[in-house]
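> Counting from 1, one number per residue, gives the positions in the sequence shown under UniProt numbering.
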Amino acid sequence: YLLGDPDNFIPANPLVTPIHIQPEWYFLFAYAILRSIPNKLGGVIALVLSIAILAILPFYHLSKFRGIQFYPINQIMFWLMVITVILLTWIGARPVEIPYVLIGQILTVI
1 YLLGDPDNFI
11 PANPLVTPIH
21 IQPEWYFLFA
31 YAILRSIPNK
41 LGGVIALVLS
51 IAILAILPFY
61 HLSKFRGIQF
71 YPINQIMFWL
81 MVITVILLTW
91 IGARPVEIPY
101 VLIGQILTVI
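#1: For the region 88-98 against the region 27-47, are there 3 or more C-beta pairs whose distance is under 8 Å?
#2: Just the Cα atoms here: how many angstroms apart are Y60 and V82?
#3: So Q22 is in the alpha helix (DSSP H); what residue range does that whole segment cover?
#4: By alpha-carbon positions, which one of N74, L57 and V109 ends up nearest to I84?
#5: Can you grab the Cα-Cα spacing for the pair A52 / I45, in whole Å?
#6: Going by CA-CA distance only, name the one from L57, G104 and P38 that's closest to M77.
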């Protein structure tokens, strides 16, 4: 309950649609990806591809991996991915407004 949105704990009123629906904190990066693409099917495809990349990438290696300290470009790519996921999580918690939508679209492309 510590990291949850307080609005998620308000009892539902079936006659009123909530202004802002926010998922739990561990789904916020996916919510930001879905929200940044205006086409519904395109958002779902982007979400599935992002999860597929995270699932397939550990099994995709073509050489003997000695450690990330020997691959400086991979270090940069790793930290870029970590920062992107953190920023997408932050954007997913923000309301749907002009600067946040644009930032979410840019981070989705990255």
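Each residue gets a CB set at the ideal place from its N, CA and C atoms; glycine is no exception. Small disclaimer: the values here were computed from a predicted structure and weren't measured.
So, from the data block:
#1: Touching, per the Cβ criterion.
#2: 19 Å
#3: Taken as a continuous stretch (DSSP letters only), Q22 belongs to no alpha helix (DSSP H), as it is neither H nor E.
#4: First, the amino acid is wrong: residue 84 is Thr here, not Ile. A check of alpha carbon separations from T84 across N74, L57 and V109 identifies V109 as the nearest.
#5: Distance between the alpha carbons of A52 and I45 is about 10 Å.
#6: L57
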